[in-house]
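Peer 1: Read top to bottom, the protein sequences are chains A and B.
Read in numbering that gives the first Met the number 0, the first sequence has 222 at position 223, and its numbers run on one by one without any break.
Read in numbering that gives the first Met the number 0, the second sequence has 80 at position 81, and its numbers run on one by one without any break.
Just so you know, even glycine gets a beta-carbon here, dropped at the ideal spot from N, CA and C.
Starting off with a structure, shown below.
Number of protein chains: 2
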Amino acid sequence: MAEKPANTSRCEGDAAGKVKTRYRRHAAGEDPAKRGQILKGAMQCFMENGFDATSMNEVCRAAGVSKGTLYVYFTDKVDLFEALVAEERDRMFEGIEALLKQDLPLREKLVLFGRLMVEVLCSDRVIRSQRIVAGIVERMPEVGARFYDVAARRNNASLAELLERESAAGRVDIPDIDLAASQFSELVCAGIWRARLFGKRETPPSTAEIETHVQSAVAMFLRAYEKRAG
Amino acid sequence: MAEKPANTSRCEGDAAGKVKTRYRRHAAGEDPAKRGQILKGAMQCFMENGFDATSMNEVCRAAGVSKGTLYVYFTDKVDLFEALVAEERDRMFEGIEALLKQDLPLREKLVLFGRLMVEVLCSDRVIRSQRIVAGIVERMPEVGARFYDVAARRNNASLAELLERESAAGRVDIPDIDLAASQFSELVCAGIWRARLFGKRETPPSTAEIETHVQSAVAMFLRAYEKRAG
DNA sequence: GCTTTATCGTACCGATTGGTTCGATTATGA
DNA sequence: TCATAATCGAACCAATCGGTACGATAAAGC
Numbered sequence: 000m001a002e003k004p005a006n007t008s009r010c011e012g013d014a015a016g017k018v019k020t021r022y023r024r025h026a027a028g029e030d031p032a033k034r035g036q037i038l039k040g041a042m043q044c045f046m047e048n049g050f051d052a053t054s055m056n057e058v059c060r061a062a063g064v065s066k067g068t069l070y071v072y073f074t075d076k077v078d079l080f081e082a083l084v085a086e087e088r089d090r091m092f093e094g095i096e097a098l099l100k101q102d103l104p105l106r107e108k109l110v111l112f113g114r115l116m117v118e119v120l121c122s123d124r125v126i127r128s129q130r131i132v133a134g135i136v137e138r139m140p141e142v143g144a145r146f147y148d149v150a151a152r153r154n155n156a157s158l159a160e161l162l163e164r165e166s167a168a169g170r171v172d173i174p175d176i177d178l179a180a181s182q183f184s185e186l187v188c189a190g191i192w193r194a195r196l197f198g199k200r201e202t203p204p205s206t207a208e209i210e211t212h213v214q215s216a217v218a219m220f221l222r223a224y225e226k227r228a229g
Numbered sequence: 000m001a002e003k004p005a006n007t008s009r010c011e012g013d014a015a016g017k018v019k020t021r022y023r024r025h026a027a028g029e030d031p032a033k034r035g036q037i038l039k040g041a042m043q044c045f046m047e048n049g050f051d052a053t054s055m056n057e058v059c060r061a062a063g064v065s066k067g068t069l070y071v072y073f074t075d076k077v078d079l080f081e082a083l084v085a086e087e088r089d090r091m092f093e094g095i096e097a098l099l100k101q102d103l104p105l106r107e108k109l110v111l112f113g114r115l116m117v118e119v120l121c122s123d124r125v126i127r128s129q130r131i132v133a134g135i136v137e138r139m140p141e142v143g144a145r146f147y148d149v150a151a152r153r154n155n156a157s158l159a160e161l162l163e164r165e166s167a168a169g170r171v172d173i174p175d176i177d178l179a180a181s182q183f184s185e186l187v188c189a190g191i192w193r194a195r196l197f198g199k200r201e202t203p204p205s206t207a208e209i210e211t212h213v214q215s216a217v218a219m220f221l222r223a224y225e226k227r228a229g
């Protein structure tokens, strides 16, 4: 709901307009650079203090933007927050589909996938995002649900697709593909992600630790689902 | 820090006291029933709205206690919150050690353990607690860390102990016990817990679904780690 | 140059916050 | 019955909140 004011004035008349003086300047609240600047500052604040404990004044200061301008770009604190979550959610697993499109044996694909998964999911940035979102799920359920849906389930879908192909080719024997995809995703993060989320670990896992976990997970996964001779 | 005022007056003199008039009435802020009443009301509020969005006035109303009294029992909003988290964390997995002490084959112990794990971790109450705690980790890191440490790691320890015994008995071959314990814990919740945390699922899993997940997890786990003939 | 206008900066608004104070009330125990 | 004191309840406080209003500023296009 609540469309942007539409701003039919200038700058948009590509199709019809062109009648009078056309300014190439950005309409109020439509400069993408400024918008990004605001989002960046807001991200910084929200990540440090969460939703409620972040004041809009702090955001202004962090973003280097006046309060008036801020409220031209975003109607609400909630509006700003949702835009932020949306951006973060979309950026999270950008490269993952491409990764699985490569022509590699299953085992190596799983290793690549697992590595990226742990790295992303346990990174400082993503962990902080997840904390904030988890914290407001109760009051803004759709925000949380969409966050999970787009980010987590997208991965599962990619992985499920891969497993589907392997299953059709007769190389693996998987009764429930979606379950298997979930299992793999959880396995690679076992013992790390939760500890990160709750702040028991203050730093992301080292590459060595990631490797250990991924190798163990892949081995476990394949031993469970690889088709057996006899 | 910040010990309770100690309240050396009455009611405590079991060992030394008994000198003068002893009131059996509770000293101010020391009636455990009232304390529990406050915690219960507070729990209700915090679970609905999180830490910041819960006002102390709401807590008073929900607990049926005057504000003055509330501040006699707890010095702070943070103090109240920490007490709440502590209680919740300790209650969370109460029966789990006992469960593993039974004399049963490994497979069945794992099934029992897994079931309880999913049920508890994905229950409404625990999910809500986890959301709140995750949400304030950034600002109160020790609270989050302790929450994780006591609850999650306690389980892992129980399970690890069991696996250790089985390993010593030569029935399983597990290179990294702690990792294996983590893996099992994550496996049983695969695809459910995260969705619950982020509000993608509004209800706990059915017993049927739990059963499916646990069975799959146990099978996978044992196939990976059971000692093979040859 | 002049005009236009997006942005700035600050003051301001009412509402709410966490926390305190204090006299009235009520239950206890002697 | 009477004194004690834990609890109540409501007023109160300063601070902060999200959000608005508006004149000053500065950069862009003619």
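Going by beta-carbon coordinates alone, are A:I191 and A:E118 separated by less than 8 Å?
Peer 2: What you label residue 191 of chain A is simply residue 192 of the first sequence in a count that begins at 1. What you label residue 118 of chain A is simply residue 119 of the first sequence in a count that begins at 1. No. Outside cutoff.
Peer 1: Mind listing, in chain order, the continuous alpha helix (DSSP H) runs of no fewer than 4 residues lying wholly within the region 95-152 of chain B?
Peer 2: 95-100, 105-120, 123-135 and 140-147
Peer 1: Could you please give the first and the last residue of the uninterrupted alpha helix (DSSP H) stretch that includes B:R222?
Peer 2: Counted from its first residue, the second sequence places residue 222 of chain B at position 223. Where B:R222 is concerned, the enclosing alpha helix (DSSP H) stretches over T206 to Y224.
Peer 1: Going by beta carbon distance, what residues of the same chain come within less than 7 Å of A:A150, once the five residues before and after it are set aside?
Peer 2: Your numbering for residue 150 of chain A matches position 151 in the first sequence. Contacts found: R88, M91 and F92.
Peer 1: Give the DSSP bridge partners of A:V58, in chain order.
Peer 2: The residue given as residue 58 of chain A occupies position 59 in the first sequence. According to DSSP, which records beta bridges pairwise, A:V58 is partnered with nothing at all.
Peer 1: Starting from the C-beta of B:V217, find all residues in its chain whose C-beta is less than 7 Å away, skip the five residues before and the five after it, and write them out in chain order.
Peer 2: In the second sequence, the residue the question calls residue 217 of chain B occupies position 218. Taken in chain order, the residues that qualify are R106, L109, V110 and G113.
Peer 1: Give the DSSP-derived three-state secondary structure of B:T20 in the structure shown.
Peer 2: Position 21 of the second sequence holds residue 20 of chain B. Caution applies to B:T20, whose pLDDT of 41 falls short of 50 and renders its modelled position unreliable; the value that the coordinates give is listed next. Secondary structure at B:T20: coil, using DSSP grouped into helix, strand and coil.
Peer 1: In whole angstroms, give me the CA-to-CA distance for A:N155 and B:R127.
Peer 2: Taking the first sequence and counting its residues from 1, one reaches residue 155 of chain A at position 156. Taking the second sequence and counting its residues from 1, one reaches residue 127 of chain B at position 128. Answer to the nearest angstrom: the Cα atoms are 24 Å apart.
Peer 1: Since A:L178 and B:S215 should fall inside the 8 Å C-beta cutoff, what is the C-beta to C-beta distance between them, to a whole number of angstroms?
Peer 2: Counted from its first residue, the first sequence places residue 178 of chain A at position 179. Counted from its first residue, the second sequence places residue 215 of chain B at position 216. Going by Cβ atoms, the distance from A:L178 to B:S215 rounds to 6 Å, so yes, they are a contact pair.
Peer 1: What's the call for B:T206, buried or exposed, on a 16-neighbour Cβ count within 10 Å?
Peer 2: Taking the first residue of the second sequence as 1, we reach residue 206 of chain B at position 207. Flag for B:T206 reads exposed.
Peer 1: Nearer than 7 Å: is that true of the beta carbon of B:I135 relative to any heavy atom of the ligand COA?
Peer 2: Only the bare structure without any ligand can be found here, which leaves the ligand COA out of the picture.
Peer 1: Taking Cβ to Cβ, would you say B:F45 is nearer than 8 Å to B:F73?
Peer 2: Position 46 of the second sequence, counted from the first residue, corresponds to residue 45 of chain B. Position 74 of the second sequence, counted from the first residue, corresponds to residue 73 of chain B. The answer is no: Cβ separation not under 8 Å.
Peer 1: Any Cβ of chain A within less than 8 Å of the Cβ of B:Q101?
Peer 2: Along the second sequence, one-based indexing puts residue 101 of chain B at 102. B:Q101 does not count as touching chain A.
Peer 1: Kindly identify the DSSP beta-bridge partner or partners of B:V171.
Peer 2: Working through the second sequence from its first residue, we reach residue 171 of chain B at position 172. BP columns for B:V171 point to B:E225.
Peer 1: What does B:Q43 reach in chain A if we use C-beta pairs closer than 8 Å?
Peer 2: Indexing the second sequence from 1 puts residue 43 of chain B at position 44. In chain order: nothing, as chain A lies at least about 12 Å away.
Peer 1: Checking 8 Å against the spacing of the C-beta atoms, do A:V132 and A:V84 come in under that value?
Peer 2: Numbered from its first residue, the first sequence carries residue 132 of chain A at position 133. Numbered from its first residue, the first sequence carries residue 84 of chain A at position 85. Contact: yes.
Peer 1: Who are the neighbours of A:K199 on chain B, taking C-beta pairs under 7 Å?
Peer 2: Stepping through the first sequence from its first residue, residue 199 of chain A is reached at position 200. Near A:K199 (Cβ distances below 7 Å), the residues of chain B are A144, Y147 and D148.
Peer 1: Taking the CB atoms as reference points, tell me whether B:R130 and A:Y147 lie closer together than 8 Å.
Peer 2: By 1-based counting over the second sequence, the position of residue 130 of chain B is 131. By 1-based counting over the first sequence, the position of residue 147 of chain A is 148. Not a contact, by the Cβ cut-off of 8 Å.
Peer 1: If the cut-off is 9 Å on Cβ atoms, which residues from the region 162-185 of chain B count as contacting chain A, listed in chain order?
Peer 2: P174, D175, D177, L178, A179, A180, S181, Q182, F183, S184 and E185
Peer 1: When you compare the region 28-35 of chain A with the region 27-43 of chain B, are there three or more beta-carbon pairs, one atom per stretch, that lie closer than 8 Å?
Peer 2: no
Peer 1: Decide if A:E201 is buried, meaning its Cβ has at least 16 other Cβ atoms within 10 Å, or exposed.
Peer 2: For the purposes of this step, residue 201 of chain A is identified with residue 202 of the first sequence, where counting begins at 1. Flag for A:E201 reads exposed.
Peer 1: Under 8 Å, Cβ to Cβ, is there at least one residue of chain A near B:C188?
Peer 2: By one-based count along the second sequence, residue 188 of chain B stands at place 189. By this cut-off, B:C188 is an interface position.
Peer 1: What does a CB cutoff of less than 8 Å around A:I176 pick up in its chain, not counting 5 residues either side in sequence?
Peer 2: Against the first sequence, residue 176 of chain A aligns to sequence position 177. Cβ neighbours of A:I176 beyond the five flanking positions: A159, L162, E163 and S166.
Peer 1: If I'm right that A:F50 touches A:G143 with Cβ under 8 Å, what's the distance once you round it to whole angstroms?
Peer 2: Counting from 1 along the first sequence, the entry for residue 50 of chain A is found at position 51. Counting from 1 along the first sequence, the entry for residue 143 of chain A is found at position 144. Not quite, the Cβ-Cβ distance comes to about 12 Å (not below 8 Å), so this is no contact.
Peer 1: Could you pull out every residue in the same chain whose Cβ sits closer than 7 Å to the Cβ of B:M42, ignoring the five residues on either side in sequence?
Peer 2: Stepping through the second sequence from its first residue, residue 42 of chain B is reached at position 43. Cβ neighbours of B:M42 beyond the five flanking positions: L83.
Peer 1: Quick one: give me the first and last residue of the alpha helix (DSSP H) that A:D177 is part of.
Peer 2: Start at 1 with the first residue of the first sequence, and residue 177 of chain A comes out as number 178. A:D177 -> alpha helix (DSSP H) spans I176 to C188.
Peer 1: Cβ of A:Y224 within 8 Å of Cβ of A:V187?
Peer 2: As a working mapping, residue 224 of chain A is identified with position 225 in the first sequence. As a working mapping, residue 187 of chain A is identified with position 188 in the first sequence. No; because the gap between Cβ atoms is not below 8 Å, this pair is not in contact.
Peer 1: Identify which residue in B:E141, B:L115, B:S65 and B:V77 has its Cα closest to the Cα of B:F183.
Peer 2: Counting from 1 along the second sequence, the entry for residue 183 of chain B is found at position 184. For the residues B:E141, B:L115, B:S65 and B:V77, the minimum Cα distance to B:F183 belongs to B:L115.
Peer 1: For B:P140, return the contacting residues in chain A, with the cut-off set at a CB-CB distance below 7 Å.
Peer 2: Along the second sequence, one-based indexing puts residue 140 of chain B at 141. Within chain A, the residues near B:P140 are G198.
Peer 1: Please confirm whether B:A52 has its beta-carbon closer than 8 Å to some beta-carbon of chain A.
Peer 2: For the purposes of this step, residue 52 of chain B is taken as residue 53 along the second sequence, with counting starting at 1. It does; some Cβ of chain A falls within 8 Å.
Peer 1: Which of the three DSSP states is assigned to B:E86 in this structure?
Peer 2: On the second sequence, residue 86 of chain B is found 87 positions in, with the first residue counted as 1. B:E86: helix per DSSP, three-state reduction.
Peer 1: Closest to A:F197 by C-alpha separation, out of B:G169, B:R195 and B:E141, would be which residue?
Peer 2: Working through the first sequence from its first residue, we reach residue 197 of chain A at position 198. When B:G169, B:R195 and B:E141 are compared, the shortest CA-CA separation from A:F197 is found for B:E141.
Peer 1: Can you tell me whether A:E96 is buried or exposed, with buried defined as 16 or more other CB within 10 angstroms of its CB?
Peer 2: Counting from 1 along the first sequence, the entry for residue 96 of chain A is found at position 97. By the neighbour-count rule (16 or more Cβ atoms within 10 Å), A:E96 is not buried but exposed.
Peer 1: Within the 8 Å Cβ cut-off, does B:S122 reach chain A?
Peer 2: Position 123 of the second sequence holds residue 122 of chain B. No, because no Cβ of chain A sits closer than 8 Å to the Cβ of B:S122.
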